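The numbering used here applies: residue 5 is where the sequence shown begins, and numbers increase by one. The beta-carbon is built from N, C-alpha and C at its ideal position, and this holds for glycine as well. Fair warning: this is a prediction, and the values are worked out from it, not measured in the lab.
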Amino acid sequence: MATKKGKTKIQSVPGMSDILPKDQAFFKKIYTTVNDFSSFYGFAELTPPILEYTELFEKGTGDDTEIVEKQMYSLRSDGGDYLTLRPEFTPSLVRSYIENGMISLPQPVKLFSYGPVFRHEKPQAGRFRQFNQFNLEVFGSTKPIIDAELIYIFYNILQSLGIKDLTIEINSIGDQECRPAYKKLLLKYLRKNEKFLCSDCKKRLKKNPFRILDCKEERCQQVVSGAPQIIDHLCKECHNHFKKVLEFLDDLGLPYNLNPYLARGLDYYTKTVFEIVTEDKDGKSKMSLLGGGRYDNLVKLFYGKSVPACGGAGGVERIIAAMKEREIQVLEKPKPAIFLAQLGNTAKTKALNVMEVLRRANLPVIESFDKDSLTAQLKVANKLKIGYTLIVAEEEASKNMLIVRNMKTGKQTLVKMERLVKEMKKKLK
Ligand code: HAM
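Printed below as a string of structure tokens:
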């Protein structure tokens with residue numbers, strides 16, 4: 005809240021915005037598209053709570069990640085619990101999968117989630133503190149076709165929203181077998197080049213050197229461009245898995261770019277990691293619309309028993325920004341063809357009844373009940389270029405009739421209430 009000359013100005017929190025009526029159609033379009041795709045491909049919708057125990061993310065997202073280190077909105081409740089507004093869905097879905105015994109269902113279990121997430125980042129274009137994500141997660145399969153299927157579904161979701169210029173960035177970051185040896189090699193190289201790294205990456209060198217691979221600073225990217233690549237150091241199992249995923253993508257004709265430095269900055273990933281990116285309007289920078297990967301050890305971290313998993317999440321606001329940049333239109337509610345006018349006090353409630361009759365008949369109608377004069381109401385109808393105005397006037401209403409006015413010709417006819425829906429459907433055909 006900002007205070008100016010004794011007045012308190014109430015504002016929204018930076019990085020957290022209202023979703024205004026003019027943008028609702030975009031949000032609905034994305035939800036229905038993802039919902040259609042996910043139910044078609046056998047994903048069941050699961051909505052976890054927004055607030056979870058902090059420990060879930062500390063352990064799940066990982067202590068050494070940017071999210072846990074700097075970006076969580078955490079609080080201590082009156083009861084003394086440490087709670088956090090979810091910064092991502094994946095740990096919540098792992099928790100729910102375990103807590104609800106989904107491990108004993110036929111595997112794989114496919115889940116879809118949608119909703120707001122919270123990260124305390126520096127607000128800027130495409131980076132918010134509250135934003136919406138859709139998530140698809142598959143639990144219980146090690147098979148590379150699952151990685152490819154997810155990428156295929158995500159790619160087609162974005163395509164069907166009208167974003168065609170997409171590239172899939174993909175890499176394998178190995179597993180507990182091959183990553184430790186690669187980490188040693190990487191550390192050796194990075195230590196040799198430490199003086200060229202940014203101050204954040206100097207700290208990352210001690211805690212999580214893989215995060216340096218994702219650093220956007222030019223000087224760090226230069227160092228990274230000469231670093232050893234994990235792809236050359238994968239164990240046989242990871243190598244074969246990745247090879248299969250790429251073969252599937254080739255067969256599916258998906259445009260991917262093998263990016264040996266894609267690390268994804270979250271602790272839980274194993275093997276495949278991917279992002280779907282698009283260029284901004286002037287082609288200067290790339291924006292990641294969606295990201296994900298395999299996380300074969302995360303369930304084990306909480307449950308003891310190993311359950312392989314793979315998934316990804318799309319950023320709804322970023323996708324909407326990309327749609328708007330490309331001038332992609334989304335269909336708003338159908339424009340009403342009927343205006344409902346009323347004349348006189350008792351006519352107002354009668355008109356409300358008519359409104360409900362028309363709603364049940366699925367006939368979109370608009371009204372202006374706060375206006376009393378017919379002239380004022382017809383003015384609104386004309387402005388909206390409405391085809392027909394129904395006039396509920398006291399005298400006619402007492403005989404269970406109303407007036408239908410053709411707004412183009414000005415011709416008026418009397419219609420019986422019980423024949424109204426039939427008549428209007430005929431006129432609007
Ligand atoms: P993530 O890459 O952190 O992955 O986020 C996924 C998507 O959320 C990004 O590609 C981006 O579109 C959007 N996003 C991230 N941060 C912001 C922000 N500050 N403002 C606006 N949009 C943002 C995850 O969250 C993983 N849980 C994905 C996953 C699911 N991996 C496996 N399963």
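Can you tell me whether residue i is helix, strand or coil according to DSSP?
i	result
ILE172	strand
VAL419	strand
THR37	helix
PHE246	helix
MET405	strand
TYR3	It is not possible to answer for residue 3, since the shown part of the chain is limited to 5 through 433.
TYR45	coil
ALA345	strand
PHE138	strand
THR2	One cannot answer for residue 2 here, as it falls past the ends of the chain, which runs 5 to 433.
ILE439	Not covered by the structure: residue 439. The range shown for the chain is 5 to 433.
LYS350	Residue identity check: residue 350 is Thr in the sequence provided, not Lys. Helix at THR350.
VAL396	strand
THR379	helix
LYS430	helix
LYS147	coil
LYS389	coil
Report yes if the CB atom of residue i is closer than 9 Å to the CB atom of residue j, and no otherwise.
i	j	result
VAL249	GLU173	no
THR36	ILE161	no
ARG330	ILE167	yes
SER271	ASP68	Just to set this straight, residue 271 is Asp in the shown sequence, not Ser. Yes, Cβ-Cβ distance for ASP271 and ASP68 is below 9 Å.
GLY391	ASN139	no
THR88	GLU56	yes
LEU432	ILE370	no
VAL3	PHE158	Because the chain is modelled from 5 through 433, residue 3 falls outside the range shown and cannot be assessed.
LEU253	ILE155	yes
LEU347	GLU398	yes
ILE107	ILE177	no
GLU70	ARG215	yes
THR94	GLU153	no
GLU221	CYS202	yes
PRO120	ILE54	yes
PHE278	GLY257	no
ARG322	PHE122	no
VAL408	VAL361	no
GLY269	ASP300	no
ALA345	LEU382	yes
PHE306	ILE102	yes
SER78	SER96	no
TYR86	THR58	yes
GLY318	LEU356	no
PHE41	VAL334	no
PRO148	HIS245	yes
GLN111	SER145	yes
ASP27	ILE332	no
MET411	ALA385	yes
Measuring from the CB of residue i, is there a heavy atom of the ligand HAM at a distance below 8 Å?
i	result
SER42	no
ILE324	no
TYR35	no
LEU270	yes
TYR299	yes
VAL121	yes
CYS314	yes
PHE132	yes
ASP406	The identity of residue 406 in the sequence shown is Leu, whereas the question assumes Asp. Because no heavy atom of the ligand HAM lies under 8 Å away, the Cβ of LEU406 does not count as near it: no.
PHE93	yes
SER229	no
ALA317	yes
SER292	yes
GLU73	no
GLY296	yes
GLU279	yes
GLN111	no
GLN416	no
GLU141	yes
PHE30	no
PHE252	no
PHE135	yes
GLU321	yes
Compute the minimum distance between the beta carbon of residue i and the heavy atoms of the ligand FMN, and state whether it is under 8 Å.
i	result
GLU125	Among the ligands modelled here, namely the ligand HAM, the ligand FMN does not occur.
For the segment 195-241, list the alpha helix (DSSP H) runs that are entirely contained and at least 4 residues long, ordered along the chain. Qualifying alpha helix (DSSP H) stretches, in chain order: 203-211, 214-217, 222-228.
Unbroken stretches of the beta strand (DSSP E), 3 residues or longer, contained in the segment 74-133: Within the segment 74-133, the complete beta strand (DSSP E) runs of at least 3 residues are 77-80, 86-89, 113-122.
Give the list of continuous alpha helix (DSSP H) stretches no shorter than 4 residues that lie fully inside the segment 261-339. Complete alpha helix (DSSP H) runs here, min 4: 302-307, 320-329.
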